[in-house]
Amino acid sequence: MESLMSENGLEHVYAWSVPLFAAVILAEMIYSHVSEAKLYSGKDLATNVYLALMNFGLDLIMKTFAMGVMFFFYNHKLFSWDLSIWYLLACFVITDFAYYVLHYVDHRSRAFWAVHITHHSSEYFNITTGFRSPVLQPLYRYLYFSPLAFLGFSPWHIMVAYAIGQVYGTWVHTQTVKSMGVLEYVLVTPSHHRVHHACNIKYLDKNMGMCLIIWDKMFGTFQKEDPNIPVKYGIYPKMPDNRPDTVLFYEWRKIWKDIKQPGLKFTDRVNYIFNSPGWRHDGTGKTVRQYQKEYFEKQARKEQEKNQKEQKTA
């Protein structure tokens, strides 16, 4: 435990998680081959690997600056805490909440979605999809954890808690586990995360948590996997190809095209960058919320018509 709480805590987390993931990924690949489930693609796997390496490289470059910012807030902290099991538990829970907020913004603001979209661009869903990283996220991720340092949580402990959460959050990228029973009520499970990676309208922008599903249930972003609506993975419209530059800059190029439109007001250009994906200044676009509002209204009408027919035939 002491080794995890030290400055080298992150290295210890990754040291024991790497061989674990190697074994689990190999087992999933074997299962996919034997069962002919077609969970993997060579090109998709290669994309997952290079995105993970690029993210890891940028993380290393940003580490000193990010930790410096967090320690600035920690040195001006509001509270001091004794190191105890309750402190560590609180650190883990509040770090998980900070990630939920980060993840929520990544889906609701277009510039951050342009970063995060790389993680959702695959039409496959397997454990290596968890390594399909939002490459540029290290540029701003620490800003979500800095308030925790201001509250008195050590930046080293915050990052260890985040790393442990990442390990868990990577594992839930699988189709081989259908249900986790009673744990479905508390934890983010493979079933919950399959929903998160779906491009079905009903499932969009749901289940944002990393480890705990309670945040989604508290803030209205929870959606249970519906056996009547099979998950379709990826984004819509899908990317034209799987080349590195396409995956990394797909949404940024679309943003640039939108803000270059002639005659736009300054506020419209800002909205094209930071408003919800799908927003358009002339009202021709639809955000996820608008799509889902129409979808659920349509479903409600169908259910009402069905009930009326049943009443007539009764």
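Residue numbering for the sequence shown follows UniProt numbering, beginning at 1 and increasing consecutively.
Ideal Cβ positions, reconstructed from N, Cα and C, are used throughout, including at glycine.
Values in this document were obtained by computation on a predicted structure and should not be read as measured data.
Check, Outcome
"Spatial distance of valine 93 from leucine 148 (CA atoms)", "11 Å"
"Arginine 110: first and last residue of the uninterrupted alpha helix (DSSP H) it sits in", "110-120"
"Backbone CA spacing between leucine 139 and glutamate 310 [nearest angstrom]", "57 Å"
"Alanine 90 in three-state terms, based on DSSP", "helix"
"Pairwise C-alpha distance: aspartate 226 and arginine 132", "25 Å"
"Three-way DSSP call (helix, strand, coil) for alanine 37 in this model", "coil"
"Cβ neighbour criterion (16 or more within 10 Å) applied to leucine 89", "exposed"
"Inter-residue spacing [alpha-carbon to alpha-carbon] between lysine 293 and leucine 83", "47 Å"
"Contact the stretch 206-225 vs the stretch 163-175: 3+ CB pairs below 8 Å", "yes"
"Nearest to residue 324 (by Cα), restricted to the options Arg110, Ile85, Ser109", "In the structure as shown, the chain begins at 1 and stops at 314. Residue 324 is therefore absent and cannot be evaluated."
"Buried or exposed by the 16-neighbour rule on C-beta atoms within 10 Å, applied to tryptophan 256", "exposed"
"Touch test, the stretch 102-122 against the stretch 152-159, Cβ-Cβ under 8 Å, three pairs minimum", "no"
"Reduced DSSP secondary structure (H/G/I, E/B, other) of tyrosine 140", "coil"
"Alpha-carbon spacing of tyrosine 272 relative to glutamine 223, whole angstroms", "28 Å"
"Buried versus exposed call for valine 270 [16 or more other C-beta atoms within 10 Å across all chains shown]", "exposed"
"Spatial distance of serine 80 from threonine 95 (CA atoms)", "17 Å"
"Candidates Gln261, Val177, Lys238, Phe219: closest to cysteine 199 by CA position", "Lys238"
"Enclosing alpha helix (DSSP H) for proline 155 [first to last residue]", "155-171"
"Helix, strand or coil at leucine 212 according to DSSP, with G and I counted as helix", "strand"
"Those residues which DSSP pairs with leucine 187 across a bridge", "Leu212"
"Whole-angstrom distance between isoleucine 127 and serine 179, CA atom to CA atom", "16 Å"
"As assigned by DSSP and simplified to three states, the class of tyrosine 236", "coil"
"Uninterrupted alpha helix (DSSP H) stretches inside the stretch 58-90 (no shorter than 4 residues)", "none"
"Assigned exposure category for lysine 232 - 16 Cβ within 10 Å defines buried", "exposed"
"Residue from His281, Thr189, Asp282, His33 with nearest C-alpha to valine 177", "Thr189"
"CA-to-CA distance, histidine 196 to threonine 287, given in whole angstroms", "17 Å"
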